Each structure stands twice: as structure tokens, then as C-alpha cells.
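**Student:** Numbering (UniProt numbering), first residue to last: 1 to 516.
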Amino acid sequence: MASAAPAAMPQHHHHQHQQVAVGGGGQGESAHKNSQNLMPDIARVEPAAAEQFKRAWRRLEERLHAATPAVRGVRSPPAFVVPREIVWLNGAPGSGKGTNSAFIMQARGFTRAPIEMSHLLRKNPDAQDKVRKGQLLDDEDVLDYLLEALFAPREERAADAASGMLPDDGGEAGVIIDGFPRTSTQVDHIKLLHEKLEELHQEAVAADPLNVHFPRPIFRILVLYVSEEESVRRQLERGRKAEYHRGILKDAKLVPEDGGAPGGSAALGVEYSQPRATDMSEEAARKRYCIFREHYHTLLRLRRYFHFTMINAMGSLAQCEAQIARELRYQSKLELHAEVYDRVTRIPLAQSVVENARSQLLSRLNSYRHTHAETFSTVIRTIQAEVVPHIKRCAIAGVAVWETTDPLFDAHDGEAIDMVLDVLSERGYGVTYREVETYIPDRVDLATGEIATRAEKHHLFRVTFERPKIRTHAAPAPTEEVPLELLRTDERLMDASAKMVVTAVPQYGDEQEGGG
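1. Per the DSSP calculation, residue 454 is bridged to which residue(s)?
2. Roughly how many angstroms separate the alpha carbons of residue 206 and residue 239, rounded to a whole number?
3. Residues in its own chain within less than 6 Å of residue 279 by CB, not counting five upstream and five downstream?
4. Which word fits residue 62, buried or exposed, when buried means at least 16 other C-beta atoms lie within 10 angstroms of its C-beta?
5. Do residue 87 and residue 104 count as a contact pair if the criterion is CB distance below 8 Å?
6. Do you know how far the Cα of residue 203 is from the Cα of residue 128?
7. Sort out for me which residues DSSP pairs residue 368 with in a bridge.
8. Counting pairs of Cβ atoms below 8 Å between the stretch 405-416 and the stretch 376-386, do you hit three or more?
9. Rounded to whole angstroms, what's the CA-CA distance from residue 430 to residue 464? Just pull it up for me.
10. Under the assumption that residue 328 contacts residue 107 (Cβ atoms under 8 Å), give the Cβ distance between them as a whole number of angstroms.
11. Suppose you measure from the CA of residue 242 to the CA of residue 316; what does that come to, to the nearest Å?
12. In terms of alpha-carbon separation, which member of 396, 57, 461, 455 lies closest to residue 152?
13. Just to confirm before moving on: does the CB-CB distance between residue 223 and residue 310 stay below 8 Å?
14. To the nearest angstrom, how far is the alpha carbon of residue 335 from that of residue 91?
15. Spatial neighbours of residue 402 within its chain, please: C-beta separation below 6 Å, excluding the five flanking residues on both sides.
16. Is the beta carbon of residue 50 closer than 8 Å to that of residue 192?
17. Would you mind sorting residue 125 into buried or exposed? The rule is 16 or more other CB atoms within 10 Å of its CB.
18. Roughly how many whole angstroms lie between the Cα atoms of residue 359 and residue 433?
19. Enumerated in chain order, which unbroken segments of the beta strand (DSSP E) with a length of 3 residues or greater are wholly contained in the stretch 283-350?
20. Taking C-beta to C-beta, are residue 452 and residue 443 nearer than 8 Å?
21. DSSP state of residue 400, grouped into three classes?
22. Shortest alpha-carbon distance to residue 177 belongs to which of 458, 221, 467?
23. Taking just the CA atoms, how far does residue 230 sit from residue 605?
24. I'd like to know whether the C-beta atoms of residue 175 and residue 112 end up nearer to each other than 8 Å.
25. Since residue 175 is in the beta strand (DSSP E), which residue starts that stretch and which ends it?
26. Alpha carbon to alpha carbon, what distance is there between residue 419 and residue 198?
27. Starting from the Cα of residue 469, find the closest Cα among 459, 395, 189 and give me that residue.
28. Look at the alpha carbon of residue 440 and the alpha carbon of residue 471, and state the distance between them as a whole number of angstroms.
29. In the DSSP output, what is residue 116 paired with across the bridge?
30. Using a threshold of 8 Å, state whether the C-beta atoms of residue 96 and residue 313 are closer than that.
31. If you drop the 5 nearest sequence neighbours on each side, which residues of the same chain put their C-beta closer than 7 Å to that of residue 361?
32. Give me the Cα-Cα distance between residue 209 and residue 201, rounded to the nearest whole angstrom.
33. Could you give the distance in angstroms between the alpha-carbon of residue 84 and the alpha-carbon of residue 213?
34. So, under 8 Å CB-CB, residue 115 and residue 150 are touching, yes? Tell me the CB distance rounded to an integer number of Å.
35. State the DSSP-derived secondary structure class of residue 225, mapped to helix, strand or coil.
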């Protein structure tokens, strides 16, 4: 943490009906202000949720400080790992959250494995102990487990990764949290978490402007949507595939009949998990979707505060990935600090500079014959007499540099320079310009030894164009090495090979027994 003492929660969290100001340099602030009159209840945080978050955060700080060793009697700040970006991933059953997590990580540059709430609760000893005792996990318990997993020190994360509890390879760029929030109270917890991280960021920057351990928090809400019928179809299809593969493994004696792990399965590298019970029953699959639909309205509250994206996952995986890539592309207003964003936006975007460049080029060329007809004619003659021969001489290289000291390019604020650039660009060349000033000795004062110089301007035009292909390289001879692509497991190939195995096995039905 920023200091050894636990950071106190802002006072306004303790007052009922007090609106929570969400920081983040423009991340949802305008939408928040515009929505206060339309939906005043959305901007409120329940006092119970604020108290739960305060207690959970205090317990987190105590655990982190207890895990931090003291040096010479002084306890240093804990190894507090704060991700710069958190993607809160939610979606209907069968929408492909697990399938798309890897793509989201690649799109955002995350290296830390996703935190799956269902997996986290199943692997957490305290949570399982409460379940065995018949106790319900309330929102404060879930928040405790989430904060512990999200801000675990590197040493603990490495140990948990080795045990399979928290698969992780480090990295503070960001993390995906799958399956949170599920309740209205958990929505409040997300808002309070963002405010706490913003508070820590402001404190750290005030103490050290170059502090990078507490980055400005960026929260993204990503929801994958499929219809109820599509969700049920995918769940049942997933269950059928799991049962089919389980049958193949049983036939090959790679898993026992009861589905447990056989003695030699570890040595064979076989990984197998039982099909979900909800994937084997249409009624259970529909019930899962109804639970998602009931909780969906809680997610909509977050769109007033954070970057909220609904992805239509009804199509193919490639279509879904294209939508995710488009929505998660770099957005400077969302990711830069408000002050930084205000400064850098004074520079025009590259797209805005080039989008009308062609029409402006044509307008300038057409205007030259009216406004600077004589200079334009001289420039055309110069290009024909000096530039074109030089380009032809360098045709094989694909680049030609033409240098001149012609006074033509010094007159009238360099209008002749613009004409050369425009004419060559219209002809399909890529051309850049640079001016170099050299100083030439002019006279020497013999009495003092002082050398007087005169300046001379050199105008350099670098012209590029597509070079011809002189040689075509032959394709490399095939080798006996196995391509890496062939070593990957392809589910479609696995399905096909499994079907061939089943086809080759004799079927012993009633009709065969009767005929024998």
C-alpha cells in the first residue's frame, strides 16, 4: 500500500443516499453527470455495500502487511500488485467466455491468467468449508476471495500457480475477471473498488509523479450475448461432445469406467473433466440461462460508470473475435489521464490528416495554373530535365535522391517546393523533402585570422517508387521436419479420428446376437 497504515475509506461512503463520485479521468464521468436527473437511484451506493467493502479492504491490507517482512524493525509497503486494466467478463451460458478469454488477453496484451470466479470459489478452502457446512456464501465473502486473488503478492501468486489454485505468470498490464458481478451489491463493490484504486493512484502520484506501482485504474465491462435457444443448443452440444470424448477415452482405457483418474493417466498426459450436469439436461440449461437473464439488469447499472460493451456472440468465433477486437482497440480518451489527453489531442490524428489529402492535392494542382502559372511551368520543365533522368538512372534501386541549389526553390516562401511534391505525388511517387544549409568560406581576414562564410541552401528531394524484381527466389525444398502446426491438437481432427475409431469397432447389437 502507499503507507503502512490502512487507508481510510472516503467519508461519503458512510452516508445514506450519498452519490459516489467515480474518478478515472473521463471514464464514464460525463455519462454519470447526464444520468443523475434521469435515473437518480443508479448513482447511489448502498450503505451496506460500502461497509462490506470497507471491512473487506481492511482485511486485505492486514493480510498483505502481515505477509510483508520487517527490515530493521520497519515494515516496508507490501508487494501490492495493481493491474492497470481490469476486464469484467460476463455472458450467457454457452456464449464462449472461456473460448474468447485467450483472444481478449492477446488483444489487450495481458499475461496474467483470467480469474474465474466459479473456479476460484471451488478451489478456495474457506469457501468449500462453508459449503460443506451448509452455509451460504454472501457478497462479502465473495468480495474477500476476489480481492485476495486480484491483489495477491507475486510470491503468493507464484506458489498458487504451482499448486494450480491461481494459474498466473505475473504481469500488471491487466487481468480478466470472469463471472463478476452477479448481484446488485457486487455492482456497488466494483464502483467502490474503482474509487479506491483511483484514490491510491492520486496519493501515489502526489508523493511521486513518476510512481508506476499504482496506475490509474481502467475498468471495462464486456458482456457476451446469445439468445436462450442458442444458449441451450450450445450447452447441450457441449455436453454431447464431452460424453462422446469420454466414451472414446474409456474405450482406449485412458479413463476408468467411473470417470475417476486412472493410475497411469498422469504418465500418459491425459486430462479429463466430467461434463457439467447442466450440459446434460435441457431443463437445467434453460435454468442457467434464466439465472443469467435475472442478473443481467445488475450489469446494466455499470454502463453509467465504465466502458460497457455488449458483444453479439450469436455468430461464428471469428465474427465474435472481430467484434471484440473492434471494441477493445486502443482508445486514448479512456486510457490516458485527462490532463495528458487534453494536451496530446492538440496534435491531429494521422487519419484526419490523410483522409482528405487526395482531394486537397487535386485542388492545389488545379489552382497552380491560375495563381502561379509561370512558376508552375518552370517547375514542370525542371522535373522533366533534371528529376526524371535521375529517377530513371536509379530505377532498379527504387529510390532516388535529387539535390539542387536552384534559387527557384528559395523564392515565394518555397511554393516551388510544394509544386514538386504535389506533381511527383500525383504521378504515383512517394516523395519527401529536406533542406540542408551549408556554410562556405568566402574570405579570410589576414590580420585577425577570422574566416567569413556565406550560407548556401541545398534542397533534397527523396523519391521512392516500386522497384522491379530482378530475381525470383525459388521455393525452398521440402524437408522431413514436422511443421509445428501439425503438433497442435485440433478439435475437428480429433472428432474425425474418434469417429473412425468408433466405426472400426464392431457393434454388438441385438440383431447380431440373434444372427449368431
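For each residue, glycine too, the CB sits at the ideal point set by N, CA and C. Keep in mind the model is a prediction, meaning the values are calculated, not measured.
**Tutor:** Taking the structure as given:
1. If you number the sequence shown from 1, residue 454 lands on position 454. 440, per the DSSP bridge assignment.
2. For the purposes of this step, residue 206 is taken as residue 206 along the sequence shown, with counting starting at 1. For the purposes of this step, residue 239 is taken as residue 239 along the sequence shown, with counting starting at 1. Going by the C-alpha atoms only, they are around 54 Å apart.
3. As a first step, residue 279 must be located in the sequence shown, where it is residue number 279. Excluding residues within five positions, the ones whose Cβ falls inside 6 Å are 235, 238, 239.
4. One-based indexing of the sequence shown puts residue 62 at position 62. Answer is exposed; the Cβ neighbour count stays below 16.
5. Counted from its first residue, the sequence shown places residue 104 at position 104. Counted from its first residue, the sequence shown places residue 87 at position 87. Contact: yes.
6. Position 128 of the sequence shown, counting from 1, holds the residue named residue 128. Position 203 of the sequence shown, counting from 1, holds the residue named residue 203. The alpha-carbon atoms of residue 128 and residue 203 are separated by roughly 37 Å.
7. Within the sequence shown, the letter at position 368 stands for residue 368. None, per the DSSP bridge assignment.
8. A contact exists between the stretch 405-416 and the stretch 376-386.
9. Residue numbering aside, residue 430 sits at position 430 when the sequence shown is read from its first letter. Residue numbering aside, residue 464 sits at position 464 when the sequence shown is read from its first letter. One alpha carbon belongs to residue 430, the other to residue 464, and they sit about 5 Å apart.
10. Position 328 of the sequence shown holds residue 328. Position 107 of the sequence shown holds residue 107. The pair is a contact, with the Cβ atoms about 5 Å apart (cut-off 8 Å).
11. As a working mapping, residue 242 is identified with position 242 in the sequence shown. As a working mapping, residue 316 is identified with position 316 in the sequence shown. In a straight line, the C-alpha of residue 242 is about 20 Å away from that of residue 316.
12. Numbered from its first residue, the sequence shown carries residue 152 at position 152. Out of 396, 57, 461, 455, 57 has the C-alpha closest to the C-alpha of residue 152.
13. Position 223 of the sequence shown, counted from the start, is the residue given in the question as residue 223. Position 310 of the sequence shown, counted from the start, is the residue given in the question as residue 310. For residue 223 and residue 310, yes; Cβs fall inside 8 Å.
14. Reading the sequence shown from its first residue, position 335 is the one you call residue 335. Reading the sequence shown from its first residue, position 91 is the one you call residue 91. C-alpha separation (whole angstroms): 24 Å.
15. What you label residue 402 is simply residue 402 of the sequence shown in a count that begins at 1. Here residue 402 has 387, 390, 461 as same chain residues with Cβ atoms under 6 Å from its own Cβ, once five neighbours each way along the sequence are excluded.
16. Here residue 192 corresponds to residue number 192 of the sequence shown, with the count starting at 1. Here residue 50 corresponds to residue number 50 of the sequence shown, with the count starting at 1. In this structure, residue 192 places its C-beta atom within 8 Å of the C-beta atom of residue 50.
17. Residue numbering aside, residue 125 sits at position 125 when the sequence shown is read from its first letter. So residue 125 counts as exposed.
18. If you number the sequence shown from 1, residue 359 lands on position 359. If you number the sequence shown from 1, residue 433 lands on position 433. Distance between the alpha carbons of residue 359 and residue 433 is about 21 Å.
19. Segments of the beta strand (DSSP E) lying fully in the stretch 283-350: 307-312.
20. Working through the sequence shown from its first residue, we reach residue 452 at position 452. Working through the sequence shown from its first residue, we reach residue 443 at position 443. Taking 8 Å as the Cβ cut-off, residue 452 and residue 443 qualify as a contacting pair.
21. To locate residue 400, count along the sequence shown from 1; it is residue 400. Of the three classes helix, strand and coil, the one that applies to residue 400 here is strand, per DSSP.
22. As a working note, residue 177 is residue 177 in the sequence shown. Nearest option by C-alpha distance: 221.
23. Nothing about residue 605 can be reported from this structure: the residues present for the chain run from 1 to 516 only.
24. Against the sequence shown, residue 175 aligns to sequence position 175. Against the sequence shown, residue 112 aligns to sequence position 112. It is a contact, given that the beta carbons lie within the stated cut-off.
25. Taking the sequence shown and counting its residues from 1, one reaches residue 175 at position 175. Unbroken beta strand (DSSP E) run through residue 175: 174-178.
26. Within the sequence shown, residue 198 is the residue found at index 198, counting from 1. Within the sequence shown, residue 419 is the residue found at index 419, counting from 1. Between residue 198 and residue 419, the C-alpha separation is close to 53 Å.
27. Walking along the sequence shown from the start, residue 469 turns up at place 469. Nearest of 459, 395, 189 to residue 469, Cα basis: 395.
28. Taking the sequence shown and counting its residues from 1, the one referred to as residue 440 is at position 440. Taking the sequence shown and counting its residues from 1, the one referred to as residue 471 is at position 471. C-alpha of residue 440 to C-alpha of residue 471: approximately 45 Å in a straight line.
29. Position 116 of the sequence shown, counted from the first residue, corresponds to residue 116. DSSP lists 178 as partners of residue 116.
30. Here residue 96 corresponds to residue number 96 of the sequence shown, with the count starting at 1. Here residue 313 corresponds to residue number 313 of the sequence shown, with the count starting at 1. With contacts defined as CB atoms closer than 8 Å, residue 96 and residue 313 qualify as a contacting pair.
31. Within the sequence shown, residue 361 is the residue found at index 361, counting from 1. The residues are 422, 425, 426.
32. Numbered from its first residue, the sequence shown carries residue 209 at position 209. Numbered from its first residue, the sequence shown carries residue 201 at position 201. Between residue 209 and residue 201, the C-alpha separation is close to 10 Å.
33. Translated into the one-based positions of the sequence shown, residue 84 becomes position 84. Translated into the one-based positions of the sequence shown, residue 213 becomes position 213. Taking the straight line from one Cα to the other gives about 9 Å.
34. In the sequence shown, residue 115 corresponds to position 115, counting from 1. In the sequence shown, residue 150 corresponds to position 150, counting from 1. Here residue 115 really is in contact with residue 150; their C-beta atoms are around 7 Å apart, less than 8 Å.
35. Translated into the one-based positions of the sequence shown, residue 225 becomes position 225. Note: residue 225 maps to strand in three-state DSSP.
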